[in-house]
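Trainee: I'd like to ask you about the structure that follows.
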Amino acid sequence: MAGPTFTTRIQEPPGPKLSLPTNPNSNPTVFNDAMKIRMRVFVDEQKCSAEAEIDTDDSRSWHWVLYDGTTAVGTIRLVPPPQGPHGHAVQKGAHEPCIKLTRVAIMPMYRGLGLGRRLVETALEWAAVHAAEVEVQIGRGEWRGLVLVHAQVDVEGMYARLGFEVDETLGRWDEEGIEHLGMLRRISVQE
Numbered sequence: 001m002a003g004p005t006f007t008t009r010i011q012e013p014p015g016p017k018l019s020l021p022t023n024p025n026s027n028p029t030v031f032n033d034a035m036k037i038r039m040r041v042f043v044d045e046q047k048c049s050a051e052a053e054i055d056t057d058d059s060r061s062w063h064w065v066l067y068d069g070t071t072a073v074g075t076i077r078l079v080p081p082p083q084g085p086h087g088h089a090v091q092k093g094a095h096e097p098c099i100k101l102t103r104v105a106i107m108p109m110y111r112g113l114g115l116g117r118r119l120v121e122t123a124l125e126w127a128a129v130h131a132a133e134v135e136v137q138i139g140r141g142e143w144r145g146l147v148l149v150h151a152q153v154d155v156e157g158m159y160a161r162l163g164f165e166v167d168e169t170l171g172r173w174d175e176e177g178i179e180h181l182g183m184l185r186r187i188s189v190q191e
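In the UniProt record's numbering, the protein residues as written are 1 to 191.
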């Protein structure tokens, strides 16, 4: 018997037409699928507030959803520069534009299959060849491949295996009752 066949779909930034916090038919299907996963994992399972889960970055970000057939099982969001203030210590390269990978979530029964890693790699590969789209708000040539994650400490190892390094200047902090730390990686950006 064959195993699951996973496919990934991308949602370009939905823009101001996005309706939150619900999943109305007017929203793109991929975005609604991403939100269903995020609400299940972050709100239902990890007890984060729904209000904190939905933010202004959603309308300006790219969203990927990983599917097992037609079932949405994982998601990741890429937030383009500029990044807002962190409310924590300033990371290295604070004046250098960076992209931020956020809202990585895998449905419980699909964990342990390397799908989080697959989503991170997919987003990084896309960003490396779409720098012009990433830079639309800051100017061509300003993003030099710096990638930031605010990782939950439980998944620090996954990000380390993907080449991210802990940024000690950012430190550790509590976000929605979960300990986080800042990690950075630089990718090669195609001109």
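Note that beta-carbon positions come from the ideal geometry of N, C-alpha and C, so glycine has one too.
Please classify residue 53 as buried or exposed, where buried requires at least 16 neighbouring CB atoms within 10 angstroms.
Mentor: Here residue 53 refers to the residue found at position 53 when the sequence shown is read from its first residue. Buried, because 16 or more other Cβ atoms sit within 10 Å of the Cβ of residue 53.
Trainee: Per DSSP, residue 147 forms a beta bridge with which residues?
Mentor: What you label residue 147 is simply residue 147 of the sequence shown in a count that begins at 1. Residue 147 pairs with 99, 185.
Trainee: I'd like to know whether the C-beta atoms of residue 60 and residue 28 end up nearer to each other than 8 Å.
Mentor: On the sequence shown, residue 60 is found 60 positions in, with the first residue counted as 1. On the sequence shown, residue 28 is found 28 positions in, with the first residue counted as 1. In this structure, residue 28 does not lie closer than 8 Å to residue 60 by Cβ.
Trainee: Can you give the beta carbon distance from residue 107 to residue 74, rounded, assuming they're within the 8 Å contact cut?
Mentor: If you number the sequence shown from 1, residue 107 lands on position 107. If you number the sequence shown from 1, residue 74 lands on position 74. Confirmed, about 7 Å.
Trainee: By a C-beta neighbour count over all protein chains shown, 10 Å radius and 16 as the cutoff for buried, is residue 77 buried or exposed?
Mentor: Taking the sequence shown and counting its residues from 1, the one referred to as residue 77 is at position 77. Label assigned to residue 77: buried.
Trainee: Pull up the distance between the alpha-carbon of residue 121 and that of residue 175, whole angstroms please.
Mentor: Sequence index remark: in the sequence shown, residue 121 carries index 121 (1-based). Sequence index remark: in the sequence shown, residue 175 carries index 175 (1-based). Each residue's Cα considered, the two are about 25 Å apart.
Trainee: Are the beta-carbon atoms belonging to residue 14 and residue 68 less than 8 Å from one another?
Mentor: Numbered from 1 along the sequence shown, position 14 holds the residue referred to as residue 14. Numbered from 1 along the sequence shown, position 68 holds the residue referred to as residue 68. No; because the gap between Cβ atoms is not below 8 Å, this pair is not in contact.
Trainee: Tell me which same chain residues have a C-beta within less than 7 Å of the C-beta of residue 46, skipping the five on either side of it?
Mentor: Here residue 46 refers to the residue found at position 46 of the sequence shown. These residues qualify, in order along the chain: 178.
Trainee: Under DSSP, the alpha helix (DSSP H) around residue 172 begins and ends at which residues?
Mentor: Taking the sequence shown and counting its residues from 1, one reaches residue 172 at position 172. Segment 172-175 is the beta strand (DSSP E) holding residue 172; no alpha helix (DSSP H) there.
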